[in-house]
Amino acid sequence: MKRIILFAVILEISYLTLSFILARWFGQWSYTGEILRTGLRVISIGFYANFYQKYFYKPNYSFNTKDLLNPQFTTAILLFLLFAVAYSNAQNETVLWQIVFVISGIAAGFREELFYRGIVQNALQSKYGYKIALPIATLLFTLSHVQYIYNGQTGGLLLIALAGIIFGCIFIYTGSMVFTAAIHGLYDALLSVDIVPFRLSNNVVLPMLFLISIAFLILISKNPYGVRRTNGVDSSNKDNLRLG
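So for the sequence shown, my numbering puts the first residue at 4; every next one is plus one.
Here's what the structure looks like:
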């Protein structure tokens with residue numbers, strides 16, 4: 004298992020290095036660079052999905068849709084997605100730009116969840132429990148976006164850290180990497196679509212997402228049943244990748 008995780012880490016570092024080079028070469032928001040990076044994401048998804056299926060996926064468990072009927076959880080999810088709609092990066096962008104970055108965002112969401120929640124957080128939860136796994140996985144997820152500092156976007160890095168907490172909480176609560184990845188992909192996609200005629204001010208986005216992340220932390224702290232279901236690899240998996 005250690006060798007598998009080490010190989011996954013090396014693969015992730017390689018992807019991040021190539022992604023950074025492409026962003027510098029073509030520009031952070033260029034079509035060509037993003038298409039090439041999406042290709043790299045799809046390749047890494049194949050590797051990570053294979054690792055996840057072999058070493059973390061448990062076929063005897065299925066995703067319990069009743070978890071989604073919890074009004075507190077549903078409300079928190081909707082607030083999180085509405086935040087993405089209102090904080091879109093796509094104002095004044097062309098339809099082609101939005102299509103490219105929607106596809107890119109979905110691929111990024113699934114790739115990152117397979118590694119940071121499906122592999123890293125899963126492995127840590129099996130040994131140390133979710134209270135240790137969540138902050139470590141979130142820290143690593145945040146560090147993987149450290150290029151935001153290079154681009155002078157420190158505030159963006161803080162938003163990513165809060166989003167990482169939320170994704171980790173969703174994984175803990177549902178026990179489903181697939182569901183968490185779907186929410187992550189949808190969140191990234193919504194950030195790339197110009198839906199509403201306004202955009203949240205930079206002065207309010209950080210405290211707003213902070214409050215949403217607190218809501219998710221409260222949710223998992225008050226739901227020990229959900230936490231117990233995802234406190235180890237053997238019982239954390241509600242996915243059926245062959246069906247979903």
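Beta carbons: idealized from backbone N, C-alpha and C, even for Gly.
How big is the Cα-Cα spacing for Ser224 and Trp28?
Taking the first residue of the sequence shown as 1, we reach residue 224 at position 221. Taking the first residue of the sequence shown as 1, we reach residue 28 at position 25. In a straight line, the C-alpha of Ser224 is about 44 Å away from that of Trp28.
- Message: Are the CB atoms of Phe83 and Tyr153 within a distance shorter than 9 Å?
- Response: Start at 1 with the first residue of the sequence shown, and residue 153 comes out as number 150. Start at 1 with the first residue of the sequence shown, and residue 83 comes out as number 80. Taking 9 Å as the Cβ cut-off, Tyr153 and Phe83 do not qualify as a contacting pair.
Go through its chain and collect everything with a Cβ distance to Ile109's Cβ below 6 Å, but skip five positions before and after it.
Your numbering for residue 109 matches position 106 in the sequence shown. Answer for Ile109: Gly188, Ala192, listed in chain order.
Checklist entry - Which residues in the same chain as Ala164 place their Cβ atom closer than 7 Å to its Cβ, once the five residues preceding and following it in sequence are excluded? => result Here the question's residue 164 lines up with position 161 in the sequence shown. Excluding residues within five positions, the ones whose Cβ falls inside 7 Å are Thr141, Thr145.
Check your understanding: Which residues in the same chain as Leu21 place their Cβ atom closer than 7 Å to its Cβ, once the five residues preceding and following it in sequence are excluded?
Key -> For the purposes of this step, residue 21 is taken as the residue at position 18 of the sequence shown. Excluding positions up to five away in sequence, the list reads Leu43.
**Asked** Alpha carbon to alpha carbon, how far is Val88 from Tyr18?
**Response** Residue 88 sits at position 85 when you count from the first residue of the sequence shown. Residue 18 sits at position 15 when you count from the first residue of the sequence shown. Spanning the two alpha carbons is a distance of roughly 28 Å.
* Presumed contact (8 Å Cβ cut-off) between Ile122 and Phe170, rounded CB distance -> Here residue 122 refers to the residue found at position 119 when the sequence shown is read from its first residue. Here residue 170 refers to the residue found at position 167 when the sequence shown is read from its first residue. Not really, about 14 Å apart at Cβ, beyond 8 Å.
* Verify the CB distance criterion: does Arg27 have a CB-CB separation below 9 Å to chain C? => Of the protein chains in this structure there is only one, and it is not chain C.
Q: Return yes when the Cβ of Leu117 is within less than 9 Å of the Cβ of Met180, no when it is not.
A: Taking the first residue of the sequence shown as 1, we reach residue 180 at position 177. Taking the first residue of the sequence shown as 1, we reach residue 117 at position 114. Yes, these two residues count as a Cβ contact at 9 Å.
- Query: Which residues in the same chain as Ile217 place their Cβ atom closer than 8 Å to its Cβ, once the five residues preceding and following it in sequence are excluded?
  - Reply: For the purposes of this step, residue 217 is taken as the residue at position 214 of the sequence shown. Nothing meets the Cβ criterion.
ask   = Buried or exposed: where does Arg250 fall if 16 or more other Cβ atoms within 10 Å of its Cβ makes it buried?
value = Lying before the first or after the last residue shown, residue 250 is absent from the chain, which here runs from 4 to 247.
| message | Going residue by residue through the region 172-211, where are the continuous alpha helix (DSSP H) segments of at least 4 residues, counting only ones entirely within it? | response | 180-193
- Alpha carbon to alpha carbon, how far is Leu214 from Ile221? Give it in angstroms, no decimals. Along the sequence shown, read from residue 1 onward, the residue named residue 221 stands at position 218. Along the sequence shown, read from residue 1 onward, the residue named residue 214 stands at position 211. The straight-line gap from Cα to Cα measures roughly 11 Å.
- Message: One question on the structure: do Ala111 and Gln124 come within less than 9 Å of each other, judged by their Cβ atoms?
- Response: As a position in the sequence shown, residue 111 is number 108, starting the count at 1. As a position in the sequence shown, residue 124 is number 121, starting the count at 1. Going by C-beta atoms, Ala111 is not nearer than 9 Å to Gln124.
- Message: Alpha carbons only, please: which of Leu14, Ile80, Ile102 is nearest the one belonging to Thr183?
- Response: Within the sequence shown, the letter at position 180 stands for residue 183. Checked all of Leu14, Ile80, Ile102; the closest Cα to Thr183 is Ile80.
Handout entry: Pair within 9 Å by beta-carbon distance, Phe219 and Ile168
Key = Counted from its first residue, the sequence shown places residue 219 at position 216. Counted from its first residue, the sequence shown places residue 168 at position 165. It is a contact, given that the beta carbons lie within the stated cut-off.
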